[in-house]
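**Q** Taking our numbering, the leading residue of the sequence shown gets 196, the next gets one more, and so forth. A virtual CB, placed ideally from N, CA and C, is assigned to each residue, including glycine. This structure is a prediction, so every number in the text was calculated from the model and none was measured.
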Amino acid sequence: MEAAVTEPSFTLGLEEEYLLVDRGTRDIVQSPPDEMLEACQEQAPGRIHPEFLRCQIEVGTPVCETLAEARAELATLRATVAGVAGRYGLAPIAASTHPFAAWEPQKHTNRDRYNMLARDLGAPARRLMICGMHVHIGVEDDDLRIDLMNQVRYFLPHLLALSTSSPFWRGRDMERRSYRLSVWHELPRTGMPAGFQSYGEYQSHVAVLVNAGVIEDASKLWWDIRPSSRFPTLEMRITDICTRLDDAVTVAALYRCLLRMLWRLKLRNVTWRPYKNLLIEENRWRAQRYGLDSGLVDFGQGRIVPYADLLDEIIELTREDAEHFGCTAEVERAREIVARGTSAHRQIEIFQAALADGADEDEALRRVVDWLVEETMVGVAADERAA
């Protein structure tokens, strides 16, 4: 008799990083009050943390069984940060770059870990005025975690394209929907991971770097996706932070469903066709540069296919999994993102509309910040906001 197959838990947890802006100037606040962070942590113990730069703040949900639970937790965390920050004339923005702030004046958080990063990485670390969204999905078996990581790499550019929120840098349209990745790429050990045959092979490669004194542990691997060094999860890190809460939930739902779809295929001894990073990274670049606008390469067909068509295929591939998790509406909501555009699209539209109305560039960029402040709270119920 065949042994019963144990399905991974596919639990989920989300981490988001926000930039803190001054409501008056709309610029980044270089040194938010220490008591602001303390008040946030008092209201959400263990779920709100400082980030590398003092102008950032990070939130993380607990382990969630359902998407609805994850959404509620994330809404509460956004509300908590916004409510407390508001007491000090500040506001969080869920955007992967600030439209016009300069990185040079920013200060890093005075903690041992961050001091070490600043020392080891130099100027590229000081440029890290960028924010992302990380999605953890529970996959308890070590080898399965590596197997799914190898396969789901193919779909990471598709998820990035849905999340882009960093078109501006220091007041300039950088002609990328995700300029965050350009900044991030200055660091070592970033980008798309190579394929590994097993968890043991992965560990042996990490051990080479640890034993050489290059890194302390696997948490210093900042790939687009990685086995978490803290939890039995597969952590997706490629995406920008979504300005709108429900967009973040949709991206998380798609990632979760893709992993379960690949697991189902494995039960039938079917593997998603592996592709070299040479090809996957071409789609990564297209998603970074164009977002949803110019399609991605379908490697099976050998041609560029409109993103909306690729999304329809993904939704069909994962329909059974969306039904299993009860998140069909959230997955299909990705079509709405395609129809109206991501945060990056809207930021550019608002900037150009302001210029057309006669505003100068500085005022147009401030209007973008105003929109980001408001949009970050869309979908967060008023009664959830901190007093």
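Does DSSP put W364 in a helix, in a strand, or in coil?
**A** It is a strand residue.
**Q** Just to confirm, is the Cβ distance from W458 to L339 under 9 Å?
**A** Taking 9 Å as the Cβ cut-off, W458 and L339 qualify as a contacting pair.
**Q** Can you find the residues in the same chain that come closer than 6 Å, C-beta to C-beta, to G284, ignoring five residues on each side of it along the sequence?
**A** Hits under 6 Å: R218.
**Q** Mind checking whether H329 and L207 have CB atoms under 9 Å apart?
**A** For H329 and L207, no; Cβs fall outside 9 Å.
**Q** Could you give the distance in angstroms between the alpha-carbon of D565 and the alpha-carbon of R221?
**A** Cα to Cα, the separation comes out at about 7 Å.
**Q** Pull up the DSSP beta-bridge partners for W458, would you.
**A** Looking at the DSSP assignment, W458 forms no beta bridge with any residue, so it has no partner.
**Q** Please name the residue in M456, L473, K471, N472 whose C-alpha comes closest to that of V465.
**A** Of the listed residues, the one whose Cα sits closest to V465 is M456.
**Q** If you count every other CB in all the chains shown that lies within 10 Å of the CB of W298, and 16 or more means buried, which is it?
**A** Under this definition W298 is a buried residue.
**Q** If we require 3 or more residues per run, which beta strand (DSSP E) segments fall completely within the segment 322 to 358?
**A** If we require 3 residues or more, the beta strand (DSSP E) runs fully inside the segment 322 to 358 come out as 328 to 333.
**Q** Would you list, in sequence order, the uninterrupted beta strand (DSSP E) runs of no fewer than 3 residues that lie entirely inside the segment 241 to 311?
**A** Counting only runs of 3 or more, we get 243 to 245, 251 to 255, 285 to 288.
**Q** Quick check: what's the CA-CA separation for G327 versus I436?
**A** Cα to Cα, G327 sits roughly 5 Å from I436.
**Q** With DSSP as the reference, please indicate the residues paired to Y213 in a beta bridge.
**A** Answer by DSSP bridge pairing, in chain order: I252.
**Q** Considering only the beta carbon of each residue, do H303 and A290 sit closer than 9 Å?
**A** No, these two residues do not count as a Cβ contact at 9 Å.
**Q** Indicate whether the contact test is met: 3 or more Cβ pairs, each with one atom in the segment 350 to 363 and one in the segment 392 to 409, closer than 8 Å.
**A** Segments in contact, no.
**Q** For a test of the three-state rule: what should DSSP assign to T467, helix, strand or coil?
**A** This sequence places Trp at residue 467; Thr is not what is there. Here W467 sits in coil by DSSP.
**Q** Return yes when the Cβ of I243 is within less than 9 Å of the Cβ of V276, no when it is not.
**A** A contact, by the Cβ cut-off of 9 Å.
**Q** Taking the alpha carbon of P528 as the point to measure from, which residue in G553, R439, E570 has its own alpha carbon closest?
**A** This sequence places Arg at residue 528; Pro is not what is there. When each option's Cα is compared against that of R528, the closest is R439.
**Q** By alpha-carbon positions, which one of A517, R249, G278 ends up nearest to L449?
**A** Checked all of A517, R249, G278; the closest Cα to L449 is A517.
**Q** Would you be able to state if there are at least three C-beta pairs under 8 Å between the segment 360 to 372 and the segment 309 to 323?
**A** With a cut-off of 8 Å, the segment 360 to 372 and the segment 309 to 323 do not count as touching, because too few Cβ pairs lie within range.
**Q** Using 10 angstroms around the beta-carbon of S399, count the other beta-carbons present and answer buried if the total reaches 16, otherwise exposed.
**A** It counts as exposed.
**Q** Go to L658, then tell me how far its alpha helix (DSSP H) extends in each direction, as first and last residue.
**A** This structure gives no information on residue 658, because the portion of the chain shown stretches from 196 to 582.
**Q** By DSSP, does I510 sit in helix, in strand, or in coil?
**A** Three-state result, I510: helix.
**Q** Do P388 and R421 have their CB atoms nearer than 9 Å?
**A** Their beta carbons are under 9 Å apart, which means P388 touches R421 by this criterion.
**Q** Would you give the residue range spanned by the beta strand (DSSP E) that R498 belongs to?
**A** Segment 498 to 500, the beta strand (DSSP E) holding R498.
**Q** Does DSSP put I223 in a helix, a strand or coil?
**A** Residue state, collapsed to three classes: strand.
**Q** Where L343 and S423 are concerned, what is the direct C-alpha to C-alpha distance, given to the nearest angstrom?
**A** Straight-line Cα distance between these residues: approximately 13 Å.
**Q** Report whether the distance from the Cβ of V216 to the nearest heavy atom of the ligand ZN is below 8 Å.
**A** As for the ligand ZN, it is missing from this structure, which has no ligand bound.
**Q** Would you call the CB atoms of P203 and D337 closer than 9 Å?
**A** Cβ distance not < 9 Å, so P203 and D337 don't count as in contact.
**Q** Among H380, P227, L404, Q346, which residue has its Cα nearest to the Cα of S393?
**A** Among H380, P227, L404, Q346, the Cα nearest to that of S393 belongs to Q346.
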